[in-house]
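Taking it in order: structure first as structure tokens, then the write-up.
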Amino acid sequence: MISITNGIYTLASIYYVIIPIGYLTKWWFTEKEMAGKGLVLVTGGAGYVGSHTIIELLNSNYSVVAIDNLVNCYAEKNQKPESLKRVEKITGKQIVFYNVDIRDKLALEKVFKTHKIDFVIHFAALKAVGESVQIPLMYYQNNIAGSSTLFQVMSDFSVKKLVFSSSATVYGTPQYLPITEEHITGQGCTNPYGKTKYFVEEILKDVCTSDKEWQVILLRYFNPVGAHESGLIGENPSGIPNNLMPYISQVAVGRRDCLKIFGDDYETPDGTGVRDYIHITDLASGHLKALHKFKDPSFVGWKAYNLGTGKGCSVLEMVKAFEKASGRKIKYEIVERRDGDVAASYADPSLANIELDWVAHKSIHDMCADTWNWQVNNPKGFEQS
Ligand code: NAD
Ligand code: UD1
Numbered sequence: 056m057i058s059i060t061n062g063i064y065t066l067a068s069i070y071y072v073i074i075p076i077g078y079l080t081k082w083w084f085t086e087k088e089m090a091g092k093g094l095v096l097v098t099g100g101a102g103y104v105g106s107h108t109i110i111e112l113l114n115s116n117y118s119v120v121a122i123d124n125l126v127n128c129y130a131e132k133n134q135k136p137e138s139l140k141r142v143e144k145i146t147g148k149q150i151v152f153y154n155v156d157i158r159d160k161l162a163l164e165k166v167f168k169t170h171k172i173d174f175v176i177h178f179a180a181l182k183a184v185g186e187s188v189q190i191p192l193m194y195y196q197n198n199i200a201g202s203s204t205l206f207q208v209m210s211d212f213s214v215k216k217l218v219f220s221s222s223a224t225v226y227g228t229p230q231y232l233p234i235t236e237e238h239i240t241g242q243g244c245t246n247p248y249g250k251t252k253y254f255v256e257e258i259l260k261d262v263c264t265s266d267k268e269w270q271v272i273l274l275r276y277f278n279p280v281g282a283h284e285s286g287l288i289g290e291n292p293s294g295i296p297n298n299l300m301p302y303i304s305q306v307a308v309g310r311r312d313c314l315k316i317f318g319d320d321y322e323t324p325d326g327t328g329v330r331d332y333i334h335i336t337d338l339a340s341g342h343l344k345a346l347h348k349f350k351d352p353s354f355v356g357w358k359a360y361n362l363g364t365g366k367g368c369s370v371l372e373m374v375k376a377f378e379k380a381s382g383r384k385i386k387y388e389i390v391e392r393r394d395g396d397v398a399a400s401y402a403d404p405s406l407a408n409i410e411l412d413w414v415a416h417k418s419i420h421d422m423c424a425d426t427w428n429w430q431v432n433n434p435k436g437f438e439q440s
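The sequence shown: position 173 = 228 (the working numbering), numbered continuously.
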């Protein structure tokens, strides 16, 4: 009889004492482990900019929870996106990942309930300019409704520190060069994609006006190119690339026959379009600098920063630089100008240099060499794995 009672006591103590202590200890250590410099929710974390930024975050001792609905990244069925598997390989750290759409409020709430999030870096968006003209409602729904759903959930969980991926496209046709953050925005945004960036910026400004606890940094990217130096991750456009660098690299690797250069009669030194290309690793590090800014108690409300090198590079200069870095000839022909293109666009990045202590270090040669390294090792992008 005594031994039965003892057995019951033993079982009860395991059930009511030892197991809960086990859970508590596990929770305590997980939370401790998560602590580091803070837990960052990265939306669109499996994409091009997101995956490179996660490397910088993990290497700097931030913890990361990534979400993505996989609309523009490659994943095998029921698996983590390939880009994130490779980020784990590069960093030797695990990434918590959820297949979540930012328009799905309940799914977002679940993520915020499960993790004590300190900061959000918001990359998730559709980004193809041409497609946005064809299916504008999808762009407005995804990029604007999705973003405002995310901001609502952030507010409900009192997570009010946000870095938003904006774009130089908000400046429309540049009124002067180099472009400073004071340049007028929203005028001459000719396509729905560009307008979504402008509208989300405006939504965030209103949120900051309504609630002084928000700290928001709008990062206006110029032209991100390049790949991680490991050659394991890089830009992985689906279908025919719209942007210059992936097109050049696919010509170099033999996937495309010939680059079409859109116009050589612009008022630029060689007549081709001039842009401010920035290496993806430099761009990624800008996000970490933005997170540091949140530590400044005097920083409240929103602030926009240009992320660019401040130097313009023409299409022909880029072709030559890529030929040098790859040792391959890039076949090209000059065709009509592309609708919506501007002659030249480049940043004045001095505000980010001064206030974020951020500077772009990598050269056009680095951008071409790293793109080539990624392309030549992954001629079909992530899909080949
Ligand atoms: P990307 O397409 O590689 O990454 C975006 C990720 O978001 C993708 O993995 C996609 O699957 C995901 N996504 C899209 N809609 C989603 C949704 N509703 N819910 C969850 N996930 C969703 O693009 P990128 O080049 O990494 O761009 C990241 C951000 O930077 C975007 O907001 C983009 O507009 C902005 N931006 C990019 C560039 C550029 O040239 N790459 C320039 C300026 C601004
Ligand atoms: C484009 C988008 C911009 C978006 C950005 C994302 C347009 C009009 N603008 O910017 O909204 O934020 O991508 O990075 O689409 N070029 C060629 N041949 C090509 C591709 C490009 O000559 O096959 C030229 C373009 O005319 C331009 C330069 O290369 O002069 C850069 O083009 P691209 O890489 O598409 O970037 P943006 O036009 O700056």
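For each residue, glycine too, the CB sits at the ideal point set by N, CA and C.
Cut-off 8 Å between Cβ atoms - residues of its own chain near residue i, not counting five sequence neighbours on either side
i: Asn361; result: Ala223, Ile234, Thr235, Glu236, Arg275, Phe277, Ala402, Asp403, Pro404, Leu406, Ala407
i: Asp320; result: Gly326, Arg392
i: Ala183; result: Tyr248, Asn297
Buried or exposed (CB count within 10 angstroms, at least 16 for buried), residue i
i: Lys135; result: buried
i: Gln430; result: buried
i: Thr327; result: buried
i: Thr85; result: Legend: pLDDT at Thr85 = 46, less than 50; position of this residue unreliable, value from coordinates given subsequently. Under this definition Thr85 is an exposed residue.
i: Gly147; result: exposed
i: Pro324; result: exposed
i: Tyr231; result: exposed
i: His107; result: buried
i: Gly382; result: exposed
i: Ser138; result: buried
i: Asp394; result: exposed
i: Gln270; result: buried
i: Ile272; result: buried
i: Gly363; result: buried
i: His283; result: buried
Where residue i falls: helix, strand or coil (DSSP)
i: Ala180; result: coil
i: Ile199; result: helix
i: Val119; result: strand
i: Ile389; result: strand
i: Tyr401; result: coil
i: Val166; result: helix
i: Leu125; result: coil
i: Asn428; result: helix
i: Gln149; result: coil
i: Ala359; result: strand
i: Arg141; result: helix
i: Pro136; result: coil
i: Phe84; result: Its pLDDT being 41, under 50, Phe84 is placed unreliably in this model, and the value from its coordinates should be taken loosely. Looking at Phe84 - three-state DSSP - the assignment turns out to be helix.
Contacting residues, own chain, Cβ-Cβ under 7 Å from residue i (five flanking each side not counted)
i: Trp226; result: The identity of residue 226 in the sequence shown is Tyr, whereas the question assumes Trp. Correct list, in chain order: Ile234, His238, Thr240.
i: Tyr194; result: Leu181, Ser187, Pro247, Tyr248, Thr251
i: Pro191; result: Pro247
i: Arg311; result: Tyr302, Gln305
i: Val142; result: Ser106, Ile109, Ile110, Ile150, Ile288
i: Tyr253; result: Val225, Thr240, Gly241, Cys244
i: Val414; result: Asn408
Pairwise C-alpha distance: residue j and residue i
i: Leu161; j: Lys384; result: 52 Å
i: Val151; j: Gly99; result: 13 Å
i: Phe437; j: Cys128; result: 9 Å
i: Ala380; j: Tyr117; result: 34 Å
i: Ala376; j: Ser285; result: 20 Å
i: Leu163; j: Leu217; result: 15 Å
i: Cys263; j: Val397; result: 32 Å
i: Ile122; j: Gln242; result: 32 Å
i: Lys140; j: Ala101; result: 10 Å
i: Lys81; j: Asp173; result: Because Lys81 sits at a pLDDT of 45, beneath the cut-off of 50, its placement in the model cannot be relied upon, and the following sentence gives the value as read from the coordinates. Distance between the alpha carbons of Lys81 and Asp173: 20 Å.
i: Asp331; j: Gly309; result: 26 Å
i: Asp337; j: Ile409; result: 16 Å
i: Asp351; j: Ser210; result: 20 Å
beta-carbon residue i near the ligand UD1 non-hydrogen atom, thresh 7 Å
i: Tyr195; result: no
i: Phe219; result: no
i: Tyr226; result: no
i: Gly100; result: no
i: Ile316; result: yes
i: Arg393; result: yes
i: Asp396; result: yes
i: Asn127; result: no
i: Tyr302; result: yes
i: Val104; result: no
Proximal residues to residue i (C-beta, below 6 Å), its chain only, five neighbours per side dropped
i: Val370; result: Ile316, Thr327, Gly328
i: Gly105; result: Val97, Gly99, Phe178
i: Ile335; result: His107, Pro279, Gly281
i: Ala339; result: His107, Thr108, Glu111
i: Phe349; result: Lys216, Gln270
The ligand SAM heavy atom lying under 7 Å from the CB of residue i
i: Cys244; result: This structure does not include the ligand SAM; its bound ligands are the ligand NAD and the ligand UD1.
Proximity test, residue i beta-carbon vs the ligand NAD heavy atom, cut-off 7 Å
i: Phe178; result: yes
i: Val175; result: no
i: Ser222; result: yes
i: Gly201; result: yes
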